[in-house]
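Student:
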Ligand SMILES: [Fe+2]
């Protein structure tokens with residue numbers, strides 16, 4: 165395609181049209197006892213990169229074999245406990261609003277996912293990643309890399325110390341900006357529970373404009389990606405705190421991941 | 002502690018383009034060292050709906066060992082060179098190519114062995130699962146629930162191309178076409 169990049173107004177109109185359609189269909193389906201739309205759409209035109217990167221065939225539903233019902237084991241020999249503090253990886257303190265992000269990793273029954281790997285990565289306070297393909301002219305911070313890892317505890321709990329990432333521009337359309345977010349990667353007890361996602365911050369004015377956040381057409385499902393400010397997690401004279409619990413798919417009694425997501 | 006209460010799942014979001022300094026790790030693509038006497042090369046190209054290579058995909062594989070057993074060994078992130086953990090992670094090159102060094106999984110009972118492959122990429126809002134089976138196990142494929150359910154042309158997208166011995170190791174090619182002609186079969190687990 166050689167089309168000129170869309171304007172934000174055009175993208176926003178596309179987002180709103182899909183959301184209105186989804187809202188009507190979800191309401192009808194939920195009223196009939198079905199599932200709300202829990203996952204992003206794979207074919208989501210406002211997010212231009214999805215156009216050529218979604219399968220056109222329906223996914224084939226299968227019962228998992230043992231390979232899919234178990235997960236690799238990770239433990240404290242894989243991850244140093246210091247890797248959960250992103251503010252101590254260099255000689256000096258990183259620039260930015262210091263915070264902790266804490267929560268629990270649970271399965272669909274609310275049971276803790278214990279002793280499993282959780283990885284995160286993020287931009288610095290200026291919205292710049294330590295990645296060679298991120299060339300936007302915000303400063304790198306010599307005291308911040310933005311990568312952390314941890315193993316969840318006995319109750320599925322995790323806690324990272326980091327700084328609040330900044331929003332950043334990208335090239336999906338003219339003057340496109342991502343809301344501030346932290347990327348998370350999670351494993352469950354079964355490989356079917358594998359999840360990579362992003363955590364956002366409350367009240368971000370860019371939510372309505374962002375085709376990645378909005379690729380989840382259901383507003384309630386999107387809201388599950390927002391960490392909540394929790395003053396009890398703040399440390400006097402040191403840091404603010406956000407709480408974000410992460411719920412993986414499964415076991416079998418919960419809604420299927422893709423029901424209705426790609427109709 | 003309160004009783005566990007069911008909760009709705011946290012949605013997926015794309016891995017984006019900037020995971021490269023965070024998720025790949027030294028030894029991620031080498032489940033066994035290349036000099037292992039039974040190492041295989043498991044590789045291929047990931048392409049999009051225009052047939053262009055996807056140069057910012059991240060692949061994970063998860064598989065049984067040579068005896069068909071699944072591992073509970075630690076050490077996937079910090080390999081000791083001897084322990085087989087069954088897990089690997091590899092980012093694609095600028096040619097959209099990935100290469101793992103691993104062992105061919107063994108059959109557990111009468112089930113056809115395969116490598117579970119997970120694809121993450123910019124533009125992929127929710128990761129894609131697929132399975133890589135091996136042509137020489139054709140006798141077991143007839144009873145495999147997934148392969149049996151597929152028309153022949155789609156079934157073939159799940160079977161590695163055997164390339165014989167390349168550089169001293171058996172080589173298997175598993176190209177992944179995310180969209181379009183010969184689109185790879187992707188799976189949704191009823192789990
Ligand atoms: Fe990002």
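Protein chains in written order, with this note's numbering: chain A, 165 to 427; chain B, 2 to 192. The beta carbon of each residue, even a glycine, is placed where N, CA and C say it ideally should be.
1) Could you compute how far the alpha carbon of residue 252 of chain A sits from the alpha carbon of residue 361 of chain A?
2) Pop quiz: residue 25 of chain B and residue 96 of chain B are said to be a contact at Cβ under 8 Å. What is the actual Cβ separation, rounded to whole angstroms?
3) Does DSSP put residue 304 of chain A in a helix, a strand or coil?
4) Taking a cut of 7 Å between CB atoms, which residues from the stretch 348-365 of chain A lie near chain B?
5) Can you pull out the residues from the stretch 218-246 of chain A whose beta carbon lies closer than 8 Å to at least one beta carbon of chain B?
6) Excluding the 5 residues flanking residue 277 of chain A on each side, which residues of the same chain have their C-beta closer than 7 Å to its C-beta?
7) If contacts are defined as beta-carbon pairs under 8 Å, then residue 290 of chain A and residue 303 of chain A qualify, I think. What distance do you get, rounded to the angstrom?
8) In whole angstroms, what separates the C-alpha of residue 399 of chain A from that of residue 299 of chain A?
9) Can you round the beta-carbon distance between residue 182 of chain A and residue 381 of chain A to whole angstroms, since I take them to be within the 8 Å contact cut?
10) Is the stretch 222-237 of chain A close to the stretch 172-191 of chain B, with three or more CB pairs under 8 Å?
11) For chain A, check one thing: does any of its Cβ atoms lie closer than 9 Å to the Cβ of residue 143 of chain B?
12) Can you determine whether any heavy atom of ligand 1 sits closer than 8 Å to the C-beta of residue 287 of chain A, and answer yes or no?
13) Per DSSP, what kind of secondary structure is residue 424 of chain A in: helix, strand or coil?
14) Hey, does residue 309 of chain A have any beta-carbon neighbour from chain B nearer than 9 Å?
15) Along chain A, in chain order, which residues have C-beta atoms closer than 9 Å to that of residue 77 of chain B?
16) Just to confirm the assignment, what range does the alpha helix (DSSP H) spanning residue 185 of chain A have?
17) Which class does residue 373 of chain A belong to by DSSP, given the choice of helix, strand or coil?
18) Can you grab the Cα-Cα spacing for the pair residue 368 of chain A / residue 148 of chain B, in whole Å?
19) From residue 165 of chain A to residue 185 of chain A, what does the alpha carbon distance come to, in whole angstroms?
20) Following the continuous alpha helix (DSSP H) through residue 44 of chain B, name the residue where it begins and the one where it ends.
21) Between which two residues does the beta strand (DSSP E) carrying residue 231 of chain A extend?
22) If we define contact as Cβ-Cβ less than 9 Å, is residue 33 of chain B a contact residue for chain A?
Tutor: Looking at the atomic coordinates:
1) Each residue's Cα considered, the two are about 25 Å apart.
2) In this structure, residue 25 of chain B and residue 96 of chain B do not form a Cβ contact; the two beta carbons are roughly 16 Å apart against a cut-off of 8 Å.
3) For residue 304 of chain A, the secondary structure class from DSSP, reduced to helix, strand or coil, is coil.
4) Result list: 349, 354, 355, 356, 358, 359, 360, 361 and 362.
5) Cβ contacts with chain B: 218, 219, 220, 221, 223, 224, 225, 226, 227, 228, 229, 230, 231, 232, 233, 234, 235, 236, 237, 238, 239, 241, 242 and 243.
6) Here the set comprises 269, 270, 271, 316, 320, 352, 353 and 412.
7) At roughly 5 Å, the Cβ-Cβ gap stays under 8 Å, so residue 290 of chain A and residue 303 of chain A are in contact.
8) Straight across, the Cα-Cα distance linking residue 399 of chain A with residue 299 of chain A is about 34 Å.
9) Contact between residue 182 of chain A and residue 381 of chain A holds: CB atoms are separated by about 6 Å, below the 8 Å threshold.
10) Touching, yes, given that three or more Cβ pairs across the two stretches are closer than 8 Å.
11) Cβ-Cβ to chain A under 9 Å: no for residue 143 of chain B.
12) Shortest gap from the CB of residue 287 of chain A to any heavy atom of ligand 1: under 8 Å.
13) For residue 424 of chain A, the pLDDT reaches just 38, beneath the cut-off of 50, and the residue's location in the model is therefore unreliable, leaving the point undetermined.
14) Yes, because at least one Cβ of chain B sits closer than 9 Å to the Cβ of residue 309 of chain A.
15) In chain order: 236, 237, 238, 242 and 281.
16) Segment 172-195, the alpha helix (DSSP H) holding residue 185 of chain A.
17) Per DSSP, reduced to three states, the secondary structure at residue 373 of chain A is helical.
18) Residue 368 of chain A and residue 148 of chain B: Cα-Cα distance of roughly 46 Å.
19) Because the pLDDT of residue 165 of chain A is 49, which lies under 50, any placement of that residue in the model is unreliable, and the number read from its coordinates should be weighed accordingly. The alpha-carbon separation between residue 165 of chain A and residue 185 of chain A amounts to approximately 26 Å.
20) Per DSSP, residue 44 of chain B lies in no alpha helix (DSSP H); the unbroken beta strand (DSSP E) holding it starts and ends at 41-48.
21) Premise fails: residue 231 of chain A lies in the alpha helix (DSSP H), 230-233, not in any beta strand (DSSP E).
22) Not an interface residue.
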